[in-house]
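Number of protein chains: 2
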Amino acid sequence: MAEINVSEVKGEVNYEEAMKEFGIEDISGYLKNMDKLPLIYRRHVVFAHRDFQQIFNAIRHKKRFAVLTGFNPSGPPHLGNLLFLKQALFFQSCGAEVFIPISNDETYVFRKSESLEKATKNAYEHVLPDIIALGFKKSKTHIFISTKDPRIYELAVKLSTKTTFSTIKAIFGFGNETNPGAIFYSMVQSAHILLPQLEDFGGPKPTVVPIGIDQDPYMRLSRDLAEKIGMLKPSSTYHKFLPGLQGGKMSGSKPETCIFLTDKPEEARKKIMRAFSGGGATLEDHKKHGGNPDIDVACQYLFSLFEESDRKIKEIFAGYRSGSLHSGDVKSYLAKTVEKFLKDHQKKREKAKKRIASFMLK
Amino acid sequence: MAEINVSEVKGEVNYEEAMKEFGIEDISGYLKNMDKLPLIYRRHVVFAHRDFQQIFNAIRHKKRFAVLTGFNPSGPPHLGNLLFLKQALFFQSCGAEVFIPISNDETYVFRKSESLEKATKNAYEHVLPDIIALGFKKSKTHIFISTKDPRIYELAVKLSTKTTFSTIKAIFGFGNETNPGAIFYSMVQSAHILLPQLEDFGGPKPTVVPIGIDQDPYMRLSRDLAEKIGMLKPSSTYHKFLPGLQGGKMSGSKPETCIFLTDKPEEARKKIMRAFSGGGATLEDHKKHGGNPDIDVACQYLFSLFEESDRKIKEIFAGYRSGSLHSGDVKSYLAKTVEKFLKDHQKKREKAKKRIASFMLK
Chain A
1 MAEINVSEVK GEVNYEEAMK EFGIEDISGY LKNMDKLPLI YRRHVVFAHR DFQQIFNAIR
61 HKKRFAVLTG FNPSGPPHLG NLLFLKQALF FQSCGAEVFI PISNDETYVF RKSESLEKAT
121 KNAYEHVLPD IIALGFKKSK THIFISTKDP RIYELAVKLS TKTTFSTIKA IFGFGNETNP
181 GAIFYSMVQS AHILLPQLED FGGPKPTVVP IGIDQDPYMR LSRDLAEKIG MLKPSSTYHK
241 FLPGLQGGKM SGSKPETCIF LTDKPEEARK KIMRAFSGGG ATLEDHKKHG GNPDIDVACQ
301 YLFSLFEESD RKIKEIFAGY RSGSLHSGDV KSYLAKTVEK FLKDHQKKRE KAKKRIASFM
361 LK
Chain B
1 MAEINVSEVK GEVNYEEAMK EFGIEDISGY LKNMDKLPLI YRRHVVFAHR DFQQIFNAIR
61 HKKRFAVLTG FNPSGPPHLG NLLFLKQALF FQSCGAEVFI PISNDETYVF RKSESLEKAT
121 KNAYEHVLPD IIALGFKKSK THIFISTKDP RIYELAVKLS TKTTFSTIKA IFGFGNETNP
181 GAIFYSMVQS AHILLPQLED FGGPKPTVVP IGIDQDPYMR LSRDLAEKIG MLKPSSTYHK
241 FLPGLQGGKM SGSKPETCIF LTDKPEEARK KIMRAFSGGG ATLEDHKKHG GNPDIDVACQ
301 YLFSLFEESD RKIKEIFAGY RSGSLHSGDV KSYLAKTVEK FLKDHQKKRE KAKKRIASFM
361 LK
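Shown next, in the form of C-alpha cells:
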C-alpha cells in the first residue's frame with residue numbers, strides 16, 4: 001500500500017515532520033521481520049516507534065514484556081479506541097502481558113465527566129465489558145480502575161519527587177486556573193505506564209505503549225521518570241489517527257464524531273451513511289474526476305480497521321480514486337461490515353459482563 | 001492557672017493576636033460546661049476553637065461525631081505528637097469516632113524521608129504501635145496509611161476540581177520548583193480531614209480537628225472544600241505549642257529537640273537534664289530573682305503533659321518564679337515522671353504490636 005504510507009498522508013498531521021521533530025523512527029524495519037502482522041501493521045497505520053529494539057528482542061527471545069494502553073472512560077469505547085486495543089491484542093499474541101489502566105480520575109479532573117462517580121460507573125458498565133469482549137486472555141491481562149488500586153497513587157507519589165512543577169507545566173500547559181488534580185494526573189499517568197515494572201508484577205521489564213503522536217510528550221516524561229527510579233524506559237509505537245465521522249478529530253465526548261461499540265448496528269449504519277466523503281461534489285463529477293480515499297472516512301475505516309483483505313482494499317482505493325466506485329458504494333460496504341462486527345461484538349459483551357472480576361488487577 | 005493563659009503567653013507566638021487574625025474564638029465558654037476535662041483543657045493549653053458548637057451539641061445530645069488527627073511519620077512519635085493524640089483520646093471518651101491518617105506521602109513529598117518505603121516502614125513499625133498503646137478503643141478507631149487506602153486518593157481527586165492552583169499556591173507557597181506530589185498533597189490532606197464524612201463511615205457528621213495555630217490555613221481550605229461537596233465544615237481546636245528541648249520549635253526530624261516515645265527512659269532523663277532552662281544565670285541569681293516557668297522547658301512539659309495535679313503545678317510554678325525551686329529540682333522531678341511514663345508506655349507498645357491489623361481502616 002505504498003500510496004498510503006506515512007510520507008503521503010494528507011490532512012492536518014504531517015507524520016514525517018512529526019517523526020523528525022520528536023526523534024522517533026520508522027518501524028518498517030522491525031515489522032518486515034515479524035510474522036502474522038495484523039492489517040494496522042501491514043498497512044503502516046502503525047508507522048513509527050521509539051526504542052522498539054527491546055520489544056523486538058523480547059518477542060524474538062520469548063522474554064517477559066508488557067504492553068500498556070490506557071483508557072479514558074469519558075464515554076463508551078468507540079472505533080478510535082479499537083486501534084489501541086487491537087495493538088494490545090497483537091502484542092499479547094506475541095507473548096506480552098497486557099495492562100489496561102482505566103483513568104476515571106483523568107476523565108474527572110479534566111472535566112470530561114460531571115462527576116467522578118459517573119466516570120467510574122461508565123468504566124465498570126461499558127468500558128470493562130467492551131475490552132474483555134475483544135478477546136484478551138484472562139491470565140495475561142490486568143485491567144484496573146485508576147482510583148481503586150492504591151499502588152497507582154503510591155507509585156505516582158514516588159515519581160512526583162523526581163520532577164518539578166515547571167517541568168510538567170511546560171509539557172501540559174498548566175496555569176493558575178488548573179486544578180491540583182489535573183496537575184498531579186501527570187504523575188498518575190506516568191505511574192500507569194510504569195506499573196508493569198512494579199515488583200508485584202515481576203519488576204523491571206520492557207513495556208511498549210501504543211500511542212498517537214500527540215501523546216509523545218507524556219511518553220518522554222515517563223521515560224525520564226522511569227530512569228530516575230531504576231525502571232526500564234518504556235518503548236512506544238505511533239499510529240495514524242482515525243478520522244472522526246465528520247472528517248475532523250474523533251472524540252468520545254462528541255457522539256456525532258464516532259461510532260461507539262454500544263451503538264445499535266442500524267444506528268451505526270445511519271452514522272456511516274452520513275459520514276464525510278472524499279468524493280466528487282456530484283455523482284457526475286465523481287465519475288469523471290474520481291475521489292480521494294485518503295480523506296474519505298469510509299475508505300479510511302475500511303483501510304485501518306475493517307477490510308482484512310489487502311487485495312480488496314487496494315481495489316477499493318483504486319476504484320474510488322478513478323471514480324468507478326462511488327461514496328455510496330463504499331459506505332454501504334463499510335456499513336455492512338460494521339453492522340456484522342457490532343452484532344458479533346455485542347453478543348460477546350453480554351458474556352464478558354460475567355467475567356469482569358477475573359480481569360481486574362490482582 | 002490564670003497566670004499562664006492565652007493573653008500572657010510569652011515568646012514567639014502571640015496567641016491573642018493570632019486569634020484575631022484567624023477569626024477563631026476562646027474555647028473557655030464551652031469547656032466550663034464540660035465534665036472531667038484533662039489537664040490540657042483545664043489549663044488552657046487548648047485555648048481556642050472554630051465552629052465548636054456542633055461538636056458541643058453532638059457530645060451533649062450523644063450524636064455521632066468524629067475527631068481526626070493526622071500523623072506525619074518522619075520519625076517515631078514524640079511528646080509533641082502526644083498533645084494531639086491526648087485530645088483525640090479525650091473526644092473518644094466523649095463519644096467520638098477517632099480517625100488517624102498517617103501521611104507517609106506527606107513525609108516523602110516534603111522530603112522528610114529519603115524514600116517513601118522508609119516513611120511507610122516507620123509508620124508500621126513505630127507510629128502504629130505507639131498510637132495503639134495510648135489506649136484507643138478498637139471499635140471506634142480507624143487508623144490508615146495514606147497511600148494504602150484508595151478511598152483517600154479518590155476523595156482527593158473529587159476535591160481537586162473544586163479549587164485551583166492559584167488558591168493552593170497562596171496558602172502553601174508553591175513555586176516552580178515544587179514537586180507535583182507536594183502540590184497535590186494539599187488535596188490529600190483535605191481528604192484526610194473529610195474522610196470521616198464518606199458514606200463508608202456513615203456520611204456527613206461533625207468532625208473536630210485538634211491543630212496548632214500554624215495549621216489553620218489548611219483547615220480553612222478543608223472547610224471551603226467540604227461545603228462544595230456537600231459535607232459539613234469540620235471544626236477545629238487550637239493548642240499552644242510545646243517547646244522543643246532547646247527552647248525553640250520541636251521537630252521530629254531533629255532528634256535533639258524532642259523526646260521520642262521510643263527513647264530509653266535513661267536517655268530521656270539525660271535529654272531533660274540538658275534541656276533549656278528558664279532559671280537565673282547562676283544558682284545564686286536564681287535564688288535571688290527567681291526564674292520564668294513560662295519559658296522553662298521542664299516547667300512547660302509538666303504543665304502541658306505530665307503533672308496531673310493542678311495544686312502541684314501551681315506550687316511548682318510559684319516556687320520556680322520565686323526562686324525557691326531550682327531548674328535542677330524541676331528537671332529531676334520531670335525526668336522521674338517521664339521515665340515512669342516511658343517504661344509503662346513501652347510495655348504497652350509491645351502488646352500493641354499484635355493488635356495493629358484490628359485498628360486499620362475498615
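Protein chains in written order, with my numbering: chain A, 1 to 362; chain B, 1 to 362. Ideal placement from N, C-alpha and C gives every residue a C-beta, glycine not left out.
Close to chain A, meaning a Cβ-Cβ distance shorter than 7 angstroms, are the following residues of the segment 153-164 of chain B: Y153, E154, V157, K158, S160, T161, T163 and T164. Pairwise C-beta distances place the segment 163-182 of chain A out of contact with the segment 15-32 of chain A, as fewer than three of them are shorter than 8 angstroms.
Shown in chain order are the members of the segment 180-200 of chain B whose Cβ falls below 7 angstroms from a Cβ of chain A: P180, G181, I183, F184, S186 and M187. Contact check for T207/A against A66/A passes: the beta carbons are separated by less than 8 angstroms.
L325/A is positioned such that its CB atom lies no closer than 8 angstroms to that of L302/A.
The alpha helix (DSSP H) runs lying completely inside the segment 295-344 of chain A and spanning 4 residues or more are 297-301 and 310-322, given in chain order. At a cut-off of 8 angstroms, the C-beta of D105/B has a neighbouring C-beta in chain A. Taking C-beta separations shorter than 6 angstroms and ignoring five residues to either side along the sequence, the partners of D296/A in its chain run S277 and G278, following chain order. Annotation for R111/A: no beta strand (DSSP E) segment contains it, and DSSP assigns it neither H nor E. Residue-level contact check: E177/A touches chain B, since one or more beta carbons of chain B fall below 8 angstroms from its beta carbon. Runs of the beta strand (DSSP E) lying entirely within the segment 89-171 of chain B, each at least 3 residues long, are 97-102 and 141-145 in chain order. With fewer than 16 other Cβ atoms inside 10 Å of its own Cβ, Q53/B counts as exposed. Residues T69 and P210 of the same chain have their beta carbon placed closer than 6 angstroms to that of F84/A, with the five preceding and five following residues left out of the count. In terms of CA proximity to E97/B, P196/B leads the group N57/B, P196/B, D344/B and E114/B. Counting only runs of at least 3 residues, the segment 9-33 of chain A fully encloses no beta strand (DSSP E) element at all. At a beta-carbon threshold of 8 angstroms, the residues of chain A lying near I168/B are P180, ordered along the chain.
At a beta-carbon threshold of 7 angstroms, the residues of chain A lying near V109/B are V157, S160 and T161, ordered along the chain.
8 angstroms or more divides the Cβ of L79/A from the Cβ of L134/A. Listed along chain A are T147, K148, D149, P150 and Y153, each with a C-beta nearer than 8 angstroms to that of P150/B. For M360/B, DSSP records a beta bridge to I143/B. In this chain, the alpha helix (DSSP H) harbouring L194/A covers P180 to L194. Annotation for S222/A: the continuous alpha helix (DSSP H) segment containing it runs D216 to K228. For the pair F165/B and I183/A, the CB atoms are nearer than the 8 angstroms cut-off. Residues of chain B whose Cβ lies closer than 8 angstroms to the Cβ of L116/A are, in chain order, E154, V157 and K158. If you draw a straight line from the Cα of K140/B to the Cα of E266/A, it is about 57 angstroms long. Within the DSSP bridge table, the entry for T237/B names H49/B and P210/B as partners. Counting only the Cα atoms, R321/A lies some 14 angstroms from A281/A.
Check the Cα spacing between P234/B and each of Q189/B, A226/B and D216/B: the tightest is with A226/B. Against chain A, a Cβ distance below 9 angstroms from F174/B picks out F165. Counting the other CB atoms within 10 Å of its CB gives A357/B a total below 16, which places it among the exposed residues.
Within the same chain, I132 and K138 come within 8 angstroms of R355/A by CB-CB distance, once the 5 residues on both sides are set aside. DSSP places L68/B in the strand class (E or B) of the three-state scheme. Residue state for H44/B is assigned as coil, using DSSP reduced to three classes. The DSSP-derived three-state label of H286/A is helix.
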